[in-house]
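Student: Dropping the structure in here first, questions after.
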Amino acid sequence: MRASRLLSIQMLLQTRGRLSARALAGALNVSVRTLYRDVDQLGAAGVPIYAEHGRSGGYQLMQGWKTTLTGFTPSEAQAVFMSGLGGPAADLGLADQVRDAQLKLLASLPSAWREDAQRIAARFHLDPVEWYREAEPVPHLAAVASAVWGERQLSIRYESWTGTRERVLHPLGLVLKAGAWYLVAALDGRAQTYRVSNILSASTLDAPSRRPARFDLPAYWAESIRRFETQIYRGHATVLATAAGLKALRHLGSAAARAVAATALPEGRDARARVRIPIESIEHATGQLLRLAPEVEIVAPAALRRATVDRLRRIGRLYGAGVPRTAR
1 MRASRLLSIQ MLLQTRGRLS ARALAGALNV SVRTLYRDVD QLGAAGVPIY
51 AEHGRSGGYQ LMQGWKTTLT GFTPSEAQAV FMSGLGGPAA DLGLADQVRD
101 AQLKLLASLP SAWREDAQRI AARFHLDPVE WYREAEPVPH LAAVASAVWG
151 ERQLSIRYES WTGTRERVLH PLGLVLKAGA WYLVAALDGR AQTYRVSNIL
201 SASTLDAPSR RPARFDLPAY WAESIRRFET QIYRGHATVL ATAAGLKALR
251 HLGSAAARAV AATALPEGRD ARARVRIPIE SIEHATGQLL RLAPEVEIVA
301 PAALRRATVD RLRRIGRLYG AGVPRTAR
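So, in structure tokens, the structure goes:
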């Protein structure tokens with residue numbers, strides 16, 4: 001374990017440059033005191049690592065020095081091959097690079113490990129697109145990715161629900177969510193999200209992009225999902241659901257799934273559990289919950305029950321079957 005940590009210190013300094021003791025300890029999940037002992041051991045072993053004191057100081061390697069220790073464990077080699085699965089790399093225009101990198105890795109591995117590493121591609125396949133959907137066309141993804149990698153500003157024409165807009169953005173990162181690509185970029189110093197399939201045109205500018213200090217893409221994305229759910233759900237509905245109904249409710253979204261997870265399963269063949277789920281609007285919830293009947297019955301709010309009966313009555317007229325008004 002310690003030998004692996006000593007190698008990790010060298011790799012971190014080689015790839016990131018100067019790092020404070022606290023930053024190194026945090027990256028390795030050890031105490032600062034342990035980190036000091038590890039650095040002393042590296043120095044005693046001849047690794048040219050030194051410290052610069054001061055507010056912006058930290059540990060770094062002697063300029064031009066790098067470790068030639070590139071050995072992978074079998075699990076690490078498999079993990080690298082896992083990262084190149086599926087179509088996302090091809091979408092980004094990196095399919096050839098991923099293939100070449102895998103070939104170089106295979107050539108550097110001991111022969112006994114090569115078969116295990118290659119087995120990953122034959123045993124695992126990544127398909128990020130949801131059922132009953134096709135992958136969105138993203139003709140401008142390569143241009144967007146180029147601006148992200150090159151840290152250059154990006155000029156786009158973008159179609160949103162309010163209309164078509166032209167923007168000059170500072171790209172911060174790309175996210176693949178359920179088969180859809182999203183660009184996270186700063187506009188007027190504030191990070192925002194743009195669906196890549198809605199970009200009508202894109203061109204990379206010569207001007208360098210500016211990245212907000214300490215911007216963390218995974219943290220931003222997690223917070224944006226939480227904020228989106230908070231904004232989109234404007235009310236709640238109370239329903240009675242059978243065991244089959246609870247299973248169906250889980251597919252309405254993560255918020256409904258969390259509500260179901262906190263609900264005890266009903267006992268008995270015809271028993272129903274009471275669940276309170278978030279909804280976007282009366283109209284939207286009517287369509288969602290009506291298709292789950294009769295396993296899910298709406299209890300409240302009254303406006304949602306009325307809207308459901310009204311829709312049933314219109315369906316009845318369409319197909320020549322009436323819904324009595326007492327159903328309200």
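By our numbering, the letter at position 170 of the sequence shown is numbered 170, and the numbering carries on one by one without gaps. Glycine included, each C-beta is placed from N, C-alpha and C at the ideal position. Remember, predicted model here, so these are calculated numbers, not experimental data.
Okay, do the segment 180–197 and the segment 241–256 touch, 3+ Cβ pairs below 8 Å being the bar?
Tutor: no
Student: D206 lies in the beta strand (DSSP E); which residues open and close that run?
Tutor: 199–208
Student: Is DSSP giving P278 helix, strand or coil here?
Tutor: strand
Student: For a quick check, are the C-beta atoms of S155 and V138 less than 8 Å apart?
Tutor: No; because the gap between Cβ atoms is not below 8 Å, this pair is not in contact.
Student: What are the boundary residues of the beta strand (DSSP E) that includes G163?
Tutor: 163–177
Student: Give the range of the alpha helix (DSSP H) segment to which G43 is assigned.
Tutor: 32–44
Student: Check whether the segment 231–245 touches the segment 296–309, counting contact only when three or more Cβ pairs, one atom from each stretch, lie closer than 8 Å.
Tutor: Under the 8 Å Cβ criterion, the segment 231–245 counts as touching the segment 296–309, having at least three qualifying pairs.
Student: Rank A259, H284, S281 by C-alpha distance to the C-alpha of A273 and give the top, closest one.
Tutor: The residue with the shortest Cα to Cα distance from A273 is A259.
Student: What distance in whole Å lies between the Cβ atoms of H236 and I282, which are believed to be in contact at a cut-off of 8 Å?
Tutor: No, I282 and H236 are not in contact; Cβ-Cβ is about 12 Å, not under 8 Å.
Student: Using 8 Å as the threshold, is the C-beta distance between L19 and L13 below it?
Tutor: yes
Student: Can S146 be considered in contact with the ligand FMN, in the sense that its beta carbon sits closer than 7 Å to one or more heavy atoms?
Tutor: Only the bare structure without any ligand can be found here, which leaves the ligand FMN out of the picture.
Student: Taking G189 as the reference, which of S201, I199, R306, S209 has the closest Cα?
Tutor: S209
Student: Would you kindly work out how many angstroms separate the C-alpha atoms of V196 and L176, rounded to a whole number?
Tutor: 10 Å
Student: By how many angstroms is the C-alpha of R291 removed from the C-alpha of T34?
Tutor: 59 Å
Student: Does DSSP put Q60 in a helix, a strand or coil?
Tutor: strand
Student: Could you please give the first and the last residue of the uninterrupted alpha helix (DSSP H) stretch that includes S146?
Tutor: Counting along the chain, the alpha helix (DSSP H) containing S146 begins and ends at 141–150.
Student: For R123, which residues of its own chain have a beta-carbon under 8 Å away from its beta-carbon, when the five flanking residues on both sides are left out?
Tutor: Contacts found: none.
Student: State the Cα-Cα distance for the pair Q192 and A23, rounded to the nearest angstrom.
Tutor: Linking Q192 to A23 through their CA atoms gives a straight-line distance of about 28 Å.
Student: With distances taken from CA atoms, which of Y36, G17, R16 is nearest L6?
Tutor: Y36
Student: Pick out the complete alpha helix (DSSP H) segments inside the segment 230–269, 4 residues or longer, and give them in chain order.
Tutor: 243–249, 254–261
Student: With 16 as the cutoff for other CB atoms within 10 Å, does R328 come out buried or exposed?
Tutor: With a pLDDT of only 47 at R328, under the threshold of 50, the placement of this residue in the model should not be trusted; the figure read from the coordinates follows. With fewer than 16 Cβ atoms within 10 Å of its Cβ, R328 is classed as exposed.
Student: If contacts are defined as beta-carbon pairs under 8 Å, then A21 and Y59 qualify, I think. What distance do you get, rounded to the angstrom?
Tutor: 7 Å
Student: DSSP has T193 in a bridge; who is on the other side?
Tutor: V184.
Student: Does the distance from the CB of R157 to the CB of S201 come in under 8 Å?
Tutor: Yes, the Cβ-Cβ distance between R157 and S201 is below 8 Å.
Student: T15 to H170, Cα distance in whole Å?
Tutor: Between T15 and H170, the C-alpha separation is close to 24 Å.
Student: Roughly how many whole angstroms lie between the Cα atoms of A262 and V275?
Tutor: 9 Å
Student: Based on Cα-Cα distance, which residue from Y194, Y233, G17 lies nearest to L161?
Tutor: Per the sequence shown, the amino acid found at residue 161 is Trp instead of Leu. Measuring from the Cα of W161, the nearest candidate turns out to be Y194.
Student: In the DSSP assignment, find the beta strand (DSSP E) that holds V47 and state where it starts and stops.
Tutor: Boundaries cannot be given for V47, as no beta strand (DSSP E) includes it and DSSP labels it neither H nor E.
Student: Between the C-alpha atoms of P128 and G173, what's the straight-line distance to the nearest angstrom?
Tutor: 18 Å
Student: Buried or exposed: where does D38 fall if 16 or more other Cβ atoms within 10 Å of its Cβ makes it buried?
Tutor: buried
Student: D206: which of A147, Y233, R305 sits nearest, CA to CA?
Tutor: A147
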